[in-house]
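Below is one structure, written out as C-alpha cells, with a few remarks after it.
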Amino acid sequence: MHTVIKRRTGLARLNLGEVWRFRELLGFLSWRDVALRYRQTTVGVLWAFIRPFVTMVIFTVVFGKVAGLPSDPHVPYPILTFTALLPWQFFSTAFADAANTIVGNGHMIAKIYFPRLVLPLASIAVALVDFGVSLLFLVAIMIGYRFVPSAHVIYLPFFFLLCLALTIGLGLWFAALYVKFRDMRHLIPFAVQIGLYASPVAYSTSRVPEKWRLVYSLNPMVAAIDGFRWCLLGTAPLYVPGLVAGTVVTVILFVTGLYYFKQSEPAFADVI
1 MHTVIKRRTG
11 LARLNLGEVW
21 RFRELLGFLS
31 WRDVALRYRQ
41 TTVGVLWAFI
51 RPFVTMVIFT
61 VVFGKVAGLP
71 SDPHVPYPIL
81 TFTALLPWQF
91 FSTAFADAAN
101 TIVGNGHMIA
111 KIYFPRLVLP
121 LASIAVALVD
131 FGVSLLFLVA
141 IMIGYRFVPS
151 AHVIYLPFFF
161 LLCLALTIGL
171 GLWFAALYVK
181 FRDMRHLIPF
191 AVQIGLYASP
201 VAYSTSRVPE
211 KWRLVYSLNP
221 MVAAIDGFRW
231 CLLGTAPLYV
241 PGLVAGTVVT
251 VILFVTGLYY
261 FKQSEPAFAD
271 VI
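Written as C-alpha cells, this is what we have:
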C-alpha cells in the first residue's frame, strides 16, 4: 500500500485548521501572557488605563493648549484624543508583542512542535484586555463630560476587526523577519513611535489638506482611527476613498503576512 503525499496549494498551504486543534494551547499561552504582564504590579490592569490617560493629558496640553490644534465641533479635545488612543494603544501593544513572540519563545520552538502561529495570536490577548479596560474608562470620561455616543456605535466592531487584521498582518511579518534579521529589535519600537505621529491620534484628519487625504489614508491606521471617532463621536462623515484604501492595504498586509509567516515557519527552529 502506498501513501501519496500531495503538495498543499492555495489556502490549504496555510493549514489554519491546525491552530484550532491546538486551541487549548492558544488559550493557555494567552492566559500566561496576561498573568505575566500584571504579576506583582501595584495597580494591576489599571496600567491599561494609565498609559492612554497620561498620553491623553500630554496631547491635550501640548497639542490642544500650546499648539492650539482645534477639536472637532462639539467634541471635547480629551475625548477626541482618548477615542483615537483606543485603537492605537491596542495596535501598538499587540504589534510589538506579536513581533517579538517567535524569538522570545525560542526555547519552546527548539524543543516541541506546535503551530508557530499560536504564539503571535496568543500575545494579542494582553492588548485585548487593555482595550477592554480602556473602553470602560472612555465610557466614564464621556459620562464626566456628559457626552452622548453617536448612533453609529453599532459599526464599531467592523473598525475593531480592521485594526485587528492590520495588527495580525504586520505582527506576522515582523515576527518572521525578526528571526532572520535581529535588527528588528531596534526597528519595531522606532516604527511604533513614528506611527503614533503619522496617525491622527493627537489631531483630526480634517487638518490634512484635501489633496493629500488619499495618500495619507494609505496608512491603514487612519481608517481605523477615523472609524472609531465616527462610531463613538459622530464626527464628520467618513472619507470613503480613504476608508477603501486603508481597508485594501490592511487586507494585503494580513494575507501576505500570513503567507510569509507560514512559508518561513519550517526554518524557525534552525535559525533560532
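The sequence shown: position 210 = 210 (this note's numbering), numbered continuously.
From the three backbone atoms N, C-alpha and C, an ideal C-beta is built for every residue, glycine too.
Quick caveat, the model's predicted, so the values are computed rather than measured.
Practice prompt. Indicate whether Phe49 and Phe137 have their beta-carbon atoms separated by less than 8 Å.
Written response: yes
Worksheet item: Thinking C-alpha only, which one of Phe254, Glu265, Val271 and Pro200 is nearest Tyr77?
Response: Pro200
Practice prompt. Quick one: grab the DSSP three-state call for Tyr38.
Written response: helix
Worksheet item: If Ala94 and Thr167 are in contact, beta carbons under 8 Å, what's the gap, nearest whole angstrom?
Response: 5 Å
Practice prompt. May I have the straight-line CA-CA distance separating Gly234 from Arg51, to the nearest angstrom?
Written response: 25 Å
Discussion item. Let's see if you can read the secondary structure: which residues bound the alpha helix (DSSP H) around Phe95?
Written reply: Tyr77 to Gly104
Item to complete: Drop a sphere of 10 angstroms on the beta-carbon of Lys262, count the other beta-carbons inside from all chains shown, and report buried for 16 or more, exposed for fewer.
Response: buried
Item to complete: Specify the secondary structure class of Arg182 as computed by DSSP and reduced to three states.
Response: coil
Discussion item. Using a Cβ-Cβ distance cut-off of 8 Å, determine whether Ala98 contacts chain D.
Written reply: The structure shown contains no chain D; it is built from a single protein chain.
Worksheet item: Mind checking whether Ser217 and Gly246 have CB atoms under 8 Å apart?
Response: yes
Discussion item. Please tell me whether Phe90 and Phe53 are closer than 8 Å, where the distance is taken between their beta carbons.
Written reply: no
Worksheet entry | Segment limits, alpha helix (DSSP H) that includes Pro120 | Val118 to Gly144
Discussion item. Rounding to the nearest angstrom, what Cα-Cα distance links Phe28 and Pro209 in this structure?
Written reply: 48 Å
Worksheet item: What residue from Leu26, Leu243 and Ile272 has the CA that sits closest to Phe159's CA?
Response: Leu243
Fill in: Separation of Val255 from Asp33, as counted between CA atoms
25 Å
Worksheet item: Do the region 102 to 111 and the region 177 to 188 make contact, defined as three or more Cβ pairs closer than 8 Å?
Response: yes
Worksheet item: Based on Cα-Cα distance, which residue from Leu117, Arg185 and Asp183 lies nearest to Gly257?
Response: Leu117
Item to complete: Tell me the start and end of each unbroken alpha helix (DSSP H) in the region 157 to 201 that is at least 4 residues and wholly inside, in chain order.
Response: 184 to 198
Worksheet item: Which two residues bound the contiguous alpha helix (DSSP H) that contains Ser264?
Response: Val240 to Ser264
Worksheet item: Exposed or buried, Val353, counting other C-beta atoms within 10 Å across all chains shown (16 or more means buried)?
Response: What is shown of the chain runs 1 to 272, which leaves residue 353 out entirely.
Worksheet item: Can you list, in chain order, the residues of its chain whose CB lies under 8 Å from that of Val251, leaving out five sequence neighbours each side?
Response: Ala165
Worksheet item: In three-state terms, what does DSSP make of Thr205?
Response: helix
Discussion item. Taking the alpha helix (DSSP H) that Trp230 belongs to, which residues open and close that run?
Written reply: Pro220 to Leu233
Practice prompt. Kindly indicate which three-state DSSP category Ala267 falls into: helix, strand or coil?
Written response: helix
Worksheet item: So what's Pro52 in DSSP terms, helix, strand or just coil?
Response: helix
Fill in: Test item: CB-CB of Ala223 and Leu170 under 8 Å
no
Worksheet item: Helix or strand or just coil, what does DSSP make of Val148?
Response: coil
Worksheet item: Is DSSP giving Phe59 helix, strand or coil here?
Response: helix
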